[in-house]
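Engineer: Handing you this structure, nothing more for now.
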Amino acid sequence: MFEGRPDREEVVLVGRSNVGKSTLMRELTGHDVTTGRKPGVTREPTHYDWHAQNFMFTDLPGFGFMEGVEAARREQIKTDVVRYVEANADQILAGVLVLDGKAAVDIIDRHSGPDEVPHDVELFGFLRDVDVRPVVAVNKMDKVDDRDDRLDAICDRLGLYPPWQQWRDTVAPVAAKRGSVEPLLEVLRDVFHDAKRDELLQFVT
Ligand SMILES: Nc1nc2c(ncn2[C@@H]2O[C@H](COP(=O)(O)OP(=O)(O)OP(=O)(O)O)[C@@H](O)[C@H]2O)c(=O)[nH]1
Ligand SMILES: [Mg+2]
């Protein structure tokens, strides 16, 4: 699955299927990215590569429930994504966990239990464990009416003490489909600055 990765520093997008990773990627890069109504559209890591700047954005396949995709295959995708991040952690400037702002809390709560850690919560912790700066892009905010409550609940589930406004360097409410991604660009500017890669600011203005 992960053959042919260019040797670059990168920002990766991870998350469940159908949350809008590829749509967000299109907004970030201005490149035409295949997106879709059906989950499981992106099957391979997709790199948007700027060789001269030693930088790329990488759109990773989504995991979790997908209609018509077997459980074993879904598990495999998640394992592959985790391996990819682990193997390349020292080149990953940020791991953007993309959530569906409308659905995330319900899905997390449905999968929380004594023997179960929800995918999103697990991934968020995993990014920290492997020393990749975690960023949370809460997407599809155009479908959310109780904005602040929703964002507070997401922070709470991820172990970030609410109110969410305290976490603006980590949590970015966006609506990729509407082209409304400024909060994420702001976080990425901070990421690049901290990484002493100010020349990458050209990609997030
Ligand atoms: N309402 C709304 N819909 C969105 C937004 N962003 C993406 N979508 C829609 O969500 C669906 C899935 O988008 P994709 O970008 O293909 O999702 P993905 O996370 O790449 O999915 P996989 O490749 O299956 O992992 C598409 O129908 C998009 O148009 C948004 O901000 N608001
Ligand atoms: Mg995709």
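Just so you know, numbering that gives the first Met the number 0 puts the end of the sequence shown at 204, numbered straight through with nothing missing. Note that the Cβ used here is the ideal one computed from N, Cα and C, for glycine as well. Small disclaimer: the values here were computed from a predicted structure and weren't measured.
By the 10 Å Cβ neighbour count, where 16 or more other Cβ atoms means buried, how is residue 85 classified, buried or exposed?
Structural biologist: Here residue 85 refers to the residue found at position 86 of the sequence shown. Exposed: under 16 other Cβ atoms inside 10 Å.
Engineer: If contacts are defined as beta-carbon pairs under 8 Å, then residue 135 and residue 23 qualify, I think. What distance do you get, rounded to the angstrom?
Structural biologist: The residue you call residue 135 lines up with position 136 of the sequence shown. The residue you call residue 23 lines up with position 24 of the sequence shown. Contact doesn't hold; Cβ gap of about 12 Å is too wide.
Engineer: Could you say which of 188, 95, 166 and 124 lies nearest to residue 18 if we only look at CA atoms?
Structural biologist: The count along the sequence shown starts at 1 and reaches residue 18 at position 19. Per the Cα distances, 95.
Engineer: Hey, how far is the Cα of residue 75 from the Cα of residue 43?
Structural biologist: Walking along the sequence shown from the start, residue 75 turns up at place 76. Walking along the sequence shown from the start, residue 43 turns up at place 44. Taking the straight line joining both Cα atoms gives about 12 Å.
Engineer: Should residue 160 go down as buried or exposed, given a rule of 16 or more other Cβ atoms within 10 Å for buried?
Structural biologist: Position 161 of the sequence shown holds residue 160. When all chains shown are included, residue 160 counts as exposed.
Engineer: Beta-carbon separation of residue 123 and residue 158 under 9 Å?
Structural biologist: One-based indexing of the sequence shown puts residue 123 at position 124. One-based indexing of the sequence shown puts residue 158 at position 159. In this structure, residue 158 lies closer than 9 Å to residue 123 by Cβ.
Engineer: Rounded to whole angstroms, what is the Cα-Cα separation between residue 185 and residue 109?
Structural biologist: Taking the sequence shown and counting its residues from 1, the one referred to as residue 185 is at position 186. Taking the sequence shown and counting its residues from 1, the one referred to as residue 109 is at position 110. For residue 185 and residue 109, the distance between alpha carbons rounds to 32 Å.
Engineer: Which ranges does the alpha helix (DSSP H) cover as unbroken runs of at least 4 residues, wholly within the segment 9-63, from first to last along the chain?
Structural biologist: As far as the segment 9-63 is concerned, its whole alpha helix (DSSP H) runs of at least 4 residues are 20-28.
Engineer: For residue 158, which three-state DSSP category applies?
Structural biologist: The residue you call residue 158 lines up with position 159 of the sequence shown. Here residue 158 sits in coil by DSSP.
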